[in-house]
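Trainee: Pasting a structure below so you can have a look.
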Amino acid sequence: MASSDPSRPATGYPFVPNGIHHPPPAGSAYPYQAPPPHQPAYPYTYNTNQTYPNQRAIFLRRLIIALIIFTGIFFTILFICWLVIRPHFPEFRVTSLSISNFNVSSSSSSVTGTWNARFQVSNPNKKMKISYNEIQTSIFYKSEFLSRTRIPPFRQGKRNVTDIDVEYGATSSYIGERTVSQINSDEGRGLVSFNLRIVADAGFKAEGFWARRRLLRVYCNDVAVGISGNGRSGNLTGGAMRCNVYA
90 MASSDPSRPA
100 TGYPFVPNGI
110 HHPPPAGSAY
120 PYQAPPPHQP
130 AYPYTYNTNQ
140 TYPNQRAIFL
150 RRLIIALIIF
160 TGIFFTILFI
170 CWLVIRPHFP
180 EFRVTSLSIS
190 NFNVSSSSSS
200 VTGTWNARFQ
210 VSNPNKKMKI
220 SYNEIQTSIF
230 YKSEFLSRTR
240 IPPFRQGKRN
250 VTDIDVEYGA
260 TSSYIGERTV
270 SQINSDEGRG
280 LVSFNLRIVA
290 DAGFKAEGFW
300 ARRRLLRVYC
310 NDVAVGISGN
320 GRSGNLTGGA
330 MRCNVYA
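Numbers 90 to 336, taken from the working numbering, label the letters of the sequence shown in order.
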């Protein structure tokens, strides 16, 4: 084996002249790889305060949203059905009004008479039936009440027309001196006008839908009656009169 040369540096190590190590110049990199930084024993941490969603709150929120959607759909369908059905109020007309045994007393400021009226009631609805209950009707001279009576309940089919006969009666009903004077003045001209009123509880019903009830108020104003020469009887003049209907 060849003898080693003591002046020859060992392979794998840098040669240092005269065996003296000098520090590296300022600003130069360290010639050897730096050791890795110190790593903690447990590099991962766990959040023990992590919150989970409240299942009950989520369920209630979804339930409320579902109810809102269902309610919106329900009322939308109801509104569409209302547009399709389009309920209309019935039409009322006075086709006849006669008076008999009519007498106005100036001494007692009273009136006596019998009025016979005929109403024509029309149901203009193509898809709805109408029922009438608790029907009351009254007759007035201007705003002075003369008589009141009741009408039996009745029903109307679709596009139906019904005639109703009503009789009012007054016997020595007090009306006041001013009203007596006004009626006598109208009798002198041969024409006395009366106002008729009807109040009825009406139910509107379509196929497959519940009945919807309305309180109808019917006003037939200034229905003129021509008085005969003796002033004790008279009949409607000017033909049928259409009444105003409110609910």
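The C-beta atom is built at its ideal place from N, Cα and C for all residues, glycine as well.
1. Tell me, to the nearest whole angstrom, how far the beta carbon of Val-346 is from that of Ala-206; I am working on the premise that it is less than 8 Å.
2. Measuring alpha carbon to alpha carbon, tell me which of Ile-264, Leu-325, Ile-240 ends up nearest Ile-287.
3. Say whether the region 323-333 touches the region 180-196, bearing in mind that this needs 3 or more beta-carbon pairs closer than 8 Å, one atom from each stretch.
4. Is Ala-91 helix, strand or coil when you go by DSSP?
5. Taking the DSSP output, what are the residues bridged to Thr-251?
6. Please report the straight-line C-alpha distance between Ser-195 and Ser-270, rounded to a whole angstrom.
7. If I measure Cβ to Cβ from Val-307 and keep anything under 6 Å in the same chain, skipping five residues before and after, which residues do I get?
8. Could you tell me whether the Cβ atoms of Ser-262 and Val-200 are closer together than 7 Å?
9. Tell me where the alpha helix (DSSP H) around Gly-315 begins and ends.
10. From Gly-320 to Lys-294, what distance separates their C-alpha atoms?
11. If you draw a straight line from the alpha carbon of Arg-248 to that of Glu-296, how long is it in whole angstroms?
12. If we count the other Cβ atoms within 10 Å of its Cβ and call it buried at 16 or more, is Met-90 buried or exposed?
13. Grab the span of the beta strand (DSSP E) containing Gly-292 for me, first residue to last.
14. How would you write the range of the beta strand (DSSP E) that Thr-181 sits in, first residue to last?
15. Could you tell me the distance, in whole angstroms, from the CA atom of Gln-209 to the CA atom of Ser-236?
16. Mind checking which residues open and close the beta strand (DSSP E) that includes Asn-143?
17. Which word fits Asn-222, buried or exposed, when buried means at least 16 other C-beta atoms lie within 10 angstroms of its C-beta?
18. My output table needs one value for Gly-328: the three-state DSSP class, helix, strand or coil.
19. Less than 7 Å between C-beta atoms, sequence neighbours within five positions excluded: which residues of the same chain meet that for Thr-268?
20. Between the C-alpha atoms of Arg-150 and Ala-336, what's the straight-line distance to the nearest angstrom?
21. Under the three-state reduction of DSSP, which class applies to Arg-321: helix, strand or coil?
Mentor: The short version:
1. Coverage of the chain is limited to positions 90 through 336, which leaves residue 346 absent and any answer about it impossible.
2. Taking the first residue of the sequence shown as position 1, residue 287 is located at position 198. The shortest C-alpha separation from Ile-287 is found at Ile-240.
3. yes
4. As a working mapping, residue 91 is identified with position 2 in the sequence shown. Its pLDDT being 49, under 50, Ala-91 is placed unreliably by the model, and the measurement read from it follows with that caveat. Three-state DSSP puts Ala-91 in coil, outside helix and strand.
5. Taking the sequence shown and counting its residues from 1, one reaches residue 251 at position 162. Note: Thr-251 sits in a beta bridge opposite Val-210.
6. Residue mapping note: residue 195 aligns to position 106 of the sequence shown, counting from 1. Residue mapping note: residue 270 aligns to position 181 of the sequence shown, counting from 1. Taking the straight line from one Cα to the other gives about 8 Å.
7. Position 218 of the sequence shown, counting from 1, holds the residue named residue 307. Once the five neighbours on either side are set aside, the close Cβ partners of Val-307 are Phe-181, Ile-287, Cys-332, Val-334.
8. For this step, residue 262 is matched to residue 173 along the sequence shown. For this step, residue 200 is matched to residue 111 along the sequence shown. The answer is yes: Cβ separation under 7 Å.
9. The sequence position of residue 315 within the sequence shown is 226, counting from 1. Counting along the chain, Gly-315 falls outside any alpha helix (DSSP H), though it belongs to the beta strand (DSSP E) covering 301-316.
10. Along the sequence shown, read from residue 1 onward, the residue named residue 320 stands at position 231. Along the sequence shown, read from residue 1 onward, the residue named residue 294 stands at position 205. Taking the straight line from one Cα to the other gives about 46 Å.
11. Along the sequence shown, read from residue 1 onward, the residue named residue 248 stands at position 159. Along the sequence shown, read from residue 1 onward, the residue named residue 296 stands at position 207. Taking the straight line from one Cα to the other gives about 15 Å.
12. Numbered from 1 along the sequence shown, position 1 holds the residue referred to as residue 90. With a pLDDT of 47 at Met-90, under the threshold of 50, the modelled position of that residue is not reliable, and the figure given next carries that caveat. Exposed: under 16 other Cβ atoms inside 10 Å.
13. The residue given as residue 292 occupies position 203 in the sequence shown. In the DSSP assignment, Gly-292 falls within the unbroken beta strand (DSSP E) covering 280-295.
14. The sequence position of residue 181 within the sequence shown is 92, counting from 1. In the sequence under discussion, the amino acid at residue 181 is Phe, which differs from the Thr named in the question. From DSSP, the beta strand (DSSP E) with Phe-181 extends over 180-194.
15. Reading the sequence shown from its first residue, position 120 is the one you call residue 209. Reading the sequence shown from its first residue, position 147 is the one you call residue 236. Between Gln-209 and Ser-236, the C-alpha separation is close to 20 Å.
16. Taking the sequence shown and counting its residues from 1, the one referred to as residue 143 is at position 54. Per DSSP, Asn-143 belongs to no beta strand (DSSP E) and is neither H nor E.
17. Looking up residue 222 in the sequence shown gives position 133. Result: exposed.
18. If you number the sequence shown from 1, residue 328 lands on position 239. The answer is coil: DSSP assigns Gly-328 none of H, G, I, E or B.
19. Walking along the sequence shown from the start, residue 268 turns up at place 179. If you ignore the 5 residues before and after Thr-268, its C-beta comes within less than 7 Å of the C-beta of Tyr-230, Glu-233, all in its own chain and listed in chain order.
20. The count along the sequence shown starts at 1 and reaches residue 150 at position 61. The count along the sequence shown starts at 1 and reaches residue 336 at position 247. Roughly 42 Å between the two C-alpha positions.
21. Here residue 321 refers to the residue found at position 232 of the sequence shown. Three-state DSSP puts Arg-321 in coil, outside helix and strand.
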